[in-house]
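For reference, the structure is listed below as structure tokens.
Number of protein chains: 2
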Amino acid sequence: MTKTVGVVGGGQLARMMIAPAVELGVELRVLVEGEAMAASLAATAVGDYRDAETVLAFARDVDVITFDHEHVPQPVLRALVDAGVAVHPGPDALQFAQDKLVMRSRLAELGAPQPDWAAVADEADLRSFLDDHGGRAVVKTPRGGYDGKGVRVVSDPADVAEWFAASDGPLLAEELVPFTRELAQQVARRPSGQVVAYPVAETVQRDGVCAEVIAPAPRASERLMEVAARLGVTIAEGLGVTGMLAVELFETADERILVNELAMRPHNSGHWTQDGAVTSQFEQHLRAVLDLPLGATDPLADWAVMVNILGGPAAGGLTDRFAAAMAEHPTAKIHTYGKDPRPGRKVGHVNAVGDDLEDAVYEARAAAGFFS
Amino acid sequence: MTKTVGVVGGGQLARMMIAPAVELGVELRVLVEGEAMAASLAATAVGDYRDAETVLAFARDVDVITFDHEHVPQPVLRALVDAGVAVHPGPDALQFAQDKLVMRSRLAELGAPQPDWAAVADEADLRSFLDDHGGRAVVKTPRGGYDGKGVRVVSDPADVAEWFAASDGPLLAEELVPFTRELAQQVARRPSGQVVAYPVAETVQRDGVCAEVIAPAPRASERLMEVAARLGVTIAEGLGVTGMLAVELFETADERILVNELAMRPHNSGHWTQDGAVTSQFEQHLRAVLDLPLGATDPLADWAVMVNILGGPAAGGLTDRFAAAMAEHPTAKIHTYGKDPRPGRKVGHVNAVGDDLEDAVYEARAAAGFFS
Numbered sequence: 001m002t003k004t005v006g007v008v009g010g011g012q013l014a015r016m017m018i019a020p021a022v023e024l025g026v027e028l029r030v031l032v033e034g035e036a037m038a039a040s041l042a043a044t045a046v047g048d049y050r051d052a053e054t055v056l057a058f059a060r061d062v063d064v065i066t067f068d069h070e071h072v073p074q075p076v077l078r079a080l081v082d083a084g085v086a087v088h089p090g091p092d093a094l095q096f097a098q099d100k101l102v103m104r105s106r107l108a109e110l111g112a113p114q115p116d117w118a119a120v121a122d123e124a125d126l127r128s129f130l131d132d133h134g135g136r137a138v139v140k141t142p143r144g145g146y147d148g149k150g151v152r153v154v155s156d157p158a159d160v161a162e163w164f165a166a167s168d169g170p171l172l173a174e175e176l177v178p179f180t181r182e183l184a185q186q187v188a189r190r191p192s193g194q195v196v197a198y199p200v201a202e203t204v205q206r207d208g209v210c211a212e213v214i215a216p217a218p219r220a221s222e223r224l225m226e227v228a229a230r231l232g233v234t235i236a237e238g239l240g241v242t243g244m245l246a247v248e249l250f251e252t253a254d255e256r257i258l259v260n261e262l263a264m265r266p267h268n269s270g271h272w273t274q275d276g277a278v279t280s281q282f283e284q285h286l287r288a289v290l291d292l293p294l295g296a297t298d299p300l301a302d303w304a305v306m307v308n309i310l311g312g313p314a315a316g317g318l319t320d321r322f323a324a325a326m327a328e329h330p331t332a333k334i335h336t337y338g339k340d341p342r343p344g345r346k347v348g349h350v351n352a353v354g355d356d357l358e359d360a361v362y363e364a365r366a367a368a369g370f371f372s
Numbered sequence: 001m002t003k004t005v006g007v008v009g010g011g012q013l014a015r016m017m018i019a020p021a022v023e024l025g026v027e028l029r030v031l032v033e034g035e036a037m038a039a040s041l042a043a044t045a046v047g048d049y050r051d052a053e054t055v056l057a058f059a060r061d062v063d064v065i066t067f068d069h070e071h072v073p074q075p076v077l078r079a080l081v082d083a084g085v086a087v088h089p090g091p092d093a094l095q096f097a098q099d100k101l102v103m104r105s106r107l108a109e110l111g112a113p114q115p116d117w118a119a120v121a122d123e124a125d126l127r128s129f130l131d132d133h134g135g136r137a138v139v140k141t142p143r144g145g146y147d148g149k150g151v152r153v154v155s156d157p158a159d160v161a162e163w164f165a166a167s168d169g170p171l172l173a174e175e176l177v178p179f180t181r182e183l184a185q186q187v188a189r190r191p192s193g194q195v196v197a198y199p200v201a202e203t204v205q206r207d208g209v210c211a212e213v214i215a216p217a218p219r220a221s222e223r224l225m226e227v228a229a230r231l232g233v234t235i236a237e238g239l240g241v242t243g244m245l246a247v248e249l250f251e252t253a254d255e256r257i258l259v260n261e262l263a264m265r266p267h268n269s270g271h272w273t274q275d276g277a278v279t280s281q282f283e284q285h286l287r288a289v290l291d292l293p294l295g296a297t298d299p300l301a302d303w304a305v306m307v308n309i310l311g312g313p314a315a316g317g318l319t320d321r322f323a324a325a326m327a328e329h330p331t332a333k334i335h336t337y338g339k340d341p342r343p344g345r346k347v348g349h350v351n352a353v354g355d356d357l358e359d360a361v362y363e364a365r366a367a368a369g370f371f372s
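Protein chains in written order, with full-length UniProt numbering: chain B, 1 to 372; chain D, 1 to 372.
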């Protein structure tokens with residue numbers, strides 16, 4: 001009996017579940033938002049993920065519903081659960097990924113290290129937070145932000161006056177952490193409890209968007225690796241996450257780590273696992289949401305490097321560049337999302353693995369360079 | 001502009017092209033023989049590959065036609081070429097995979113080492129061959145044999161009397177080679193000429209069917225690796241093969257290698273490349289037939305071991321066994337073909353890679369053991 005996984009959302013994360021689904025013999029169904037989505041080739045339904053009837057109809061006859069993104073509204077998620085559908089991650093977990101204030105509160109309860117933060121209801125609240133934190137802070141809309149959107153560094157409450165005006169609740173103010181670098185910890189957890197952690201990776205952001213990832217994080221001490229993995233496991237268990245969890249972290253000069261963001265799905269910071277680990281995050285997510293035993297998270301080489309392809313080439317299509325990139329970089333693994341290039345849009349990525357970090361960085365960057 | 005590859009034949013080899021096609025952004029279309037084939041999930045047409053009109057209609061608007069098997073008749077292949085369709089491998093190459101007598105003649109012209117052989121027209125011819133070769137020989141029907149079918153060890157011409165009666169041409173008689181083991185050399189070649197070789201692998205056959213593969217072949221000297229790779233390249237070039245070529249070899253006690261069989265497509269003996277090499281044979285085949293630069297053939301670890309899943313479990317479905325196999329063997333990579341289990345039928349395989357050969361053999365065998 002073939003198991004069937006229904007994925008709500010047809011972006012590249014759903015698309016990258018196709019390959020492991022085929023090999024595992026898992027039937028993948030995808031509810032896409034429109035015809036021209038990255039995962040359209042596996043699409044079995046087109047419709048609005050905010051509409052409970054659409055999602056309920058899609059969920060009929062699947063073994064589990066999972067997601068390409070965290071934007072499915074709580075009432076829709078609850079309707080699925082009420083209808084007896086297995087939903088992973090479930091609504092109780094997803095609320096922490098959907099609302100950054102709810103997440104901050106829960107992480108505080110768990111004792112997870114995080115930046116100083118406060119719910120600020122108005123400009124006066126924010127002024128007071130700024131006064132307590134050297135006059136600068138990061139302000140976030142609790143809901144709906146991603147890839148740098150809904151995040152602003154402010155020194156004057158007036159900088160986010162329109163956010164206060166538009167919001168029906170408080171904003172999130174966070175201490176501006178003087179971090180030395182950013183890290184990402186990938187963890188997978190099954191509904192029945194098994195949990196595994198990948199080696200923590202270093203992520204490099206440009207303009208608020210992930211640009212490069214190196215796994216494991218260079219110069220990471222054993223202690224740091226352990227602390228990050230344990231923190232990931234604590235959060236996955238404490239928040240009841242099922243499937244993949246990405247914990248984005250700040251590392252400080254004194255080697256402390258602080259939780260920046262969470263994502264409850266395969267995440268850009270884990271794409272290196274496709275070619276650099278025994279079990280990719282996409283296979284792992286399918287195994288986890290089906291409550292199958294999790295795969296090994298061991299790296300396949302000393303280093304794995306991922307470089308995003310952003311925006312696409314100035315002239316010509318993506319595929320026009322394949323021949324040149326492949327000719328120069330036969331060890332680079334090029335992954336494309338089937339999306340039309342637009343400035344700043346993630347349209348693919350390149351992985352390179354090997355036992356020499358400089359080589360792997362060079363190969364991944366140089367191959368990606370042909371596409372943007 | 002997305003490139004489109006049309007695959008004639010819907011078995012597991014076509015199915016295993018799906019994963020790399022998705023990541024490369026290649027559109028895969030598959031002409032399947034019936035509804036319930038391994039690659040049915042990518043099927044875009046159902047029909048008879050022996051019918052020129054069916055195949056010509058399927059070939060419309062694809063960039064290249066390739067194959068899951070070598071059984072498409074020459075007139076159909078020629079009709080494709082005449083219609084201006086790019087066909088890889090082409091009819092001139094495929095004739096050598098379709099007729100073992102034609103192959104033996106051509107390999108002799110190329111000076112490739114092979115067992116003594118003869119075209120035997122009748123029982124008297126075969127008697128004479130037997131007399132010259134110690135009274136025993138392997139007799140093969142030149143066309144249509146696979147996985148041990150159409151192959152018989154004989155000591156009396158009467159053993160194949162019905163083959164002579166049914167055949168409209170001579171049979172192939174081959175010396176019974178006193179081989180110490182069997183090897184397989186994978187090579188890929190582009191239409192424009194680039195050719196790459198994988199490390200030669202050891203294959204273990206049971207009842208004429210591939211059971212296990214170890215790559216690289218244990219205890220293989222550098223000289224053997226080089227000779228095998230060079231032989232593979234010579235054959236690919238000499239026969240004009242495009243796409244993947246598998247050369248099945250006998251190794252003798254004095255470290256000679258002799259060509260046993262050829263396959264012009266991804267082959268069971270190369271499945272280890274999915275998890276054990278930078279570029280899998282399925283990705284490589286797509287790159288080769290599209291005339292894209294070939295990927296690196298480097299192994300990802302010291303050893304890769306592949307064990308076939310034959311026949312399926314005595315009770316229950318394949319997927320019932322996943323949980324047990326995955327729980328015990330988190331490093332094993334299980335690949336399933338979506339086929340109903342039947343005795344002796346290949347329904348999947350397991351790859352294990354690592355730097356310890358005994359561990360990898362154990363993991364692959366033990367994980368596969370849950371399924372058969």
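We put the beta carbon where it would ideally sit given N, CA and C, even for glycine.
Item to complete: Output the distance between the C-alpha atoms of Val200/B and His71/B, rounded to the nearest integer angstrom.
Response: As a working mapping, residue 200/B is identified with position 200 in the first sequence. As a working mapping, residue 71/B is identified with position 71 in the first sequence. So the alpha carbons of these two residues sit roughly 26 Å apart.
Worksheet item: Per DSSP, which one or two residues make a beta bridge with Thr66/B?
Response: The sequence position of residue 66/B within the first sequence is 66, counting from 1. BP columns for Thr66/B point to Val7/B.
Practice prompt. For Gly25/B, collect the residues of the same chain with a Cβ closer than 7 Å to its Cβ; drop the 5 residues on either side in sequence, then sort them by chain order.
Written response: Here residue 25/B corresponds to residue number 25 of the first sequence, with the count starting at 1. The answer, listed in chain order, is Thr2.
Fill in: Beta-carbon neighbours of Ala301/B, restricted to chain D and to distances below 9 Å
Position 301 of the first sequence holds residue 301/B. Under the 9 Å cutoff, chain D gives Leu300, Ala301.
Discussion item. Per the DSSP calculation, Asn351/D is bridged to which residue(s)?
Written reply: Your numbering for residue 351/D matches position 351 in the second sequence. According to DSSP, which records beta bridges pairwise, Asn351/D is partnered with Met306/D, Lys333/D.
Practice prompt. Tell whether a beta-carbon distance below 7 Å holds between Ala173/D and Ala124/D.
Written response: Residue 173/D sits at position 173 when you count from the first residue of the second sequence. Residue 124/D sits at position 124 when you count from the first residue of the second sequence. Result no, Cβ atoms of Ala173/D and Ala124/D do not sit closer than 7 Å.
Discussion item. Could you check whether the Cβ of Val350/D sits closer than 7 Å to any Cβ belonging to chain B?
Written reply: For the purposes of this step, residue 350/D is taken as residue 350 along the second sequence, with counting starting at 1. No, because no Cβ of chain B sits closer than 7 Å to the Cβ of Val350/D.
Worksheet item: How should Ala21/D be labelled, buried or exposed, when 16 other C-beta atoms within 10 angstroms of its C-beta is the threshold for buried?
Response: Numbered from 1 along the second sequence, position 21 holds the residue referred to as residue 21/D. Buried, by the Cβ-count rule.
Item to complete: Identify, in the order they occur along the chain, each residue of the same chain with its Cβ nearer than 8 Å to the Cβ of Ala161/B, setting aside the five sequence neighbours on each side.
Response: In the first sequence, the residue the question calls residue 161/B occupies position 161. Hits under 8 Å: Glu123.
Worksheet item: Using a beta-carbon distance below 7 Å, is Tyr335/B in contact with chain D?
Response: Residue mapping note: residue 335/B aligns to position 335 of the first sequence, counting from 1. The amino acid occupying residue 335/B in the given sequence is His; Tyr does not appear at that position. True, the Cβ-Cβ gap to chain D drops below 7 Å.
Worksheet item: Which residues share a DSSP beta bridge with Glu212/B?
Response: Against the first sequence, residue 212/B aligns to sequence position 212. Note: Glu212/B sits in a beta bridge opposite Val204/B, Val307/B.
Fill in: Segments of 4+ residues assigned as alpha helix (DSSP H) that fall wholly inside the region 256 to 300 of chain B
273 to 276, 281 to 289
Worksheet item: Of all the CB atoms in chain D, is at least one closer than 7 Å to the CB of Leu292/B?
Response: Residue numbering aside, residue 292/B sits at position 292 when the first sequence is read from its first letter. So, interface residue.
Item to complete: With Leu31/D as the anchor, note down where its alpha helix (DSSP H) starts and where it stops.
Response: If you number the second sequence from 1, residue 31/D lands on position 31. Element bounds for Leu31/D: not the alpha helix (DSSP H) but the beta strand (DSSP E), 27 to 32.
Worksheet entry | Which listed residue (Ala332/B, Ala288/B, His133/B, Gln185/B) has its alpha carbon closest to that of Thr297/D | On the second sequence, position 297 is the one that residue 297/D refers to. Checked all of Ala332/B, Ala288/B, His133/B, Gln185/B; the closest Cα to Thr297/D is Ala332/B.
Fill in: Rounded C-alpha distance that separates Arg256/B from Leu249/B
Within the first sequence, the letter at position 256 stands for residue 256/B. Within the first sequence, the letter at position 249 stands for residue 249/B. Spanning the two alpha carbons is a distance of roughly 10 Å.
Discussion item. Taking CB distances under 7 Å as the criterion, tell me whether Pro216/B reaches chain D.
Written reply: Residue 216/B sits at position 216 when you count from the first residue of the first sequence. So no, Pro216/B is outside the interface.
Worksheet item: Is Pro178/D buried or exposed, if buried means 16 or more other CB atoms sit within 10 Å of its CB?
Response: Locating residue 178/D in the second sequence gives position 178, where the first residue counts as 1. By the neighbour-count rule (16 or more Cβ atoms within 10 Å), Pro178/D is not buried but exposed.
Worksheet entry | Burial state of Pro89/B (16 or more Cβ within 10 Å) | One-based indexing of the first sequence puts residue 89/B at position 89. Buried, by the Cβ-count rule.
Worksheet item: What three-state label does DSSP hand Ala246/D in the structure shown?
Response: Walking along the second sequence from the start, residue 246/D turns up at place 246. Three-state result, Ala246/D: strand.
Discussion item. Counting only Cβ pairs nearer than 9 Å, list the residues of chain B close to Lys3/D.
Written reply: As a position in the second sequence, residue 3/D is number 3, starting the count at 1. Chain B residues near Lys3/D: Thr319, Phe322.
Worksheet item: Is there a Cβ from chain D that is less than 7 Å from the Cβ of Ala296/B?
Response: In the first sequence, the residue the question calls residue 296/B occupies position 296. Yes, Ala296/B lies at the interface with chain D (some Cβ there is under 7 Å from its Cβ).
Fill in: Beta carbon proximity, Gly34/B to chain D, threshold 7 Å
What you label residue 34/B is simply residue 34 of the first sequence in a count that begins at 1. Answer no: the Cβ-Cβ gap between Gly34/B and chain D never drops below 7 Å.
Item to complete: Return no unless some Cβ of chain D is closer than 7 Å to the Cβ of Met326/B.
Response: Locating residue 326/B in the first sequence gives position 326, where the first residue counts as 1. Chain D, which has a Cβ nearer than 7 Å to the Cβ of Met326/B, makes this yes.
Worksheet item: Using the C-alpha atoms, what's the distance from Val241/B back to Ala137/B?
Response: Within the first sequence, the letter at position 137 stands for residue 137/B. Within the first sequence, the letter at position 241 stands for residue 241/B. Rounded to whole angstroms, Ala137/B to Val241/B spans 29 Å at the Cα level.
Worksheet entry | Cross-chain neighbours of Arg287/D in chain B, by beta carbon under 8 Å | On the second sequence, residue 287/D is found 287 positions in, with the first residue counted as 1. Per Cβ cutoff of 8 Å: Met326.
Worksheet item: Using a beta-carbon distance below 7 Å, is Pro266/D in contact with chain B?
Response: To locate residue 266/D, count along the second sequence from 1; it is residue 266. Chain B, which has no Cβ nearer than 7 Å to the Cβ of Pro266/D, makes this no.
Discussion item. Which complete beta strand (DSSP E) runs does the region 64 to 131 of chain B hold, if anything under 3 residues is left out?
Written reply: 64 to 67, 117 to 120
Worksheet entry | C-beta contact flag for Ala42/B and Gly338/B at 7 Å | Here the question's residue 42/B lines up with position 42 in the first sequence. Here the question's residue 338/B lines up with position 338 in the first sequence. No, the pair does not count as a contact, with Cβ atoms beyond the cut-off.
Worksheet item: Name the chain D residues that come within less than 7 Å of Val278/B, Cβ to Cβ?
Response: Working through the first sequence from its first residue, we reach residue 278/B at position 278. Result: Thr331.
Practice prompt. Rounded to whole angstroms, what's the CA-CA distance from Ala158/D to Lys140/D? Just pull it up for me.
Written response: Start at 1 with the first residue of the second sequence, and residue 158/D comes out as number 158. Start at 1 with the first residue of the second sequence, and residue 140/D comes out as number 140. Rounded to the nearest angstrom, the two C-alpha atoms are 14 Å apart.
Discussion item. Can you pull the chain B neighbours of Arg15/D, defined as C-beta to C-beta under 7 Å?
Written reply: Numbered from its first residue, the second sequence carries residue 15/D at position 15. Simply Val22.
Discussion item. On the CB-based measure, 16 or more other CB atoms within 10 Å of its CB, does Val204/D come out buried or exposed?
Written reply: If you number the second sequence from 1, residue 204/D lands on position 204. Exposed.
Fill in: Limits of the unbroken alpha helix (DSSP H) element including Ala173/B
Working through the first sequence from its first residue, we reach residue 173/B at position 173. That residue, Ala173/B, is in no alpha helix (DSSP H); its beta strand (DSSP E) goes 171 to 175.
Item to complete: Using a Cβ cut-off of 8 Å, pull out every chain B residue sitting near Glu19/D, in sequence order please.
Response: Within the second sequence, the letter at position 19 stands for residue 19/D. Inspection of the sequence shows that residue 19/D is occupied by Ala rather than by Glu. Neighbours of Ala19/D on chain B, chain order: Ile18, Ala19, Pro20, Val22, Glu23.
Discussion item. One question on the structure: do Ile56/D and Ala83/D come within less than 7 Å of each other, judged by their Cβ atoms?
Written reply: In the second sequence, counting from the first residue as 1, residue 56/D sits at position 56. In the second sequence, counting from the first residue as 1, residue 83/D sits at position 83. Here the sequence assigns Leu to residue 56/D, which means Ile is not the residue at that position. Cβ atoms of Leu56/D and Ala83/D: closer than 7 Å.
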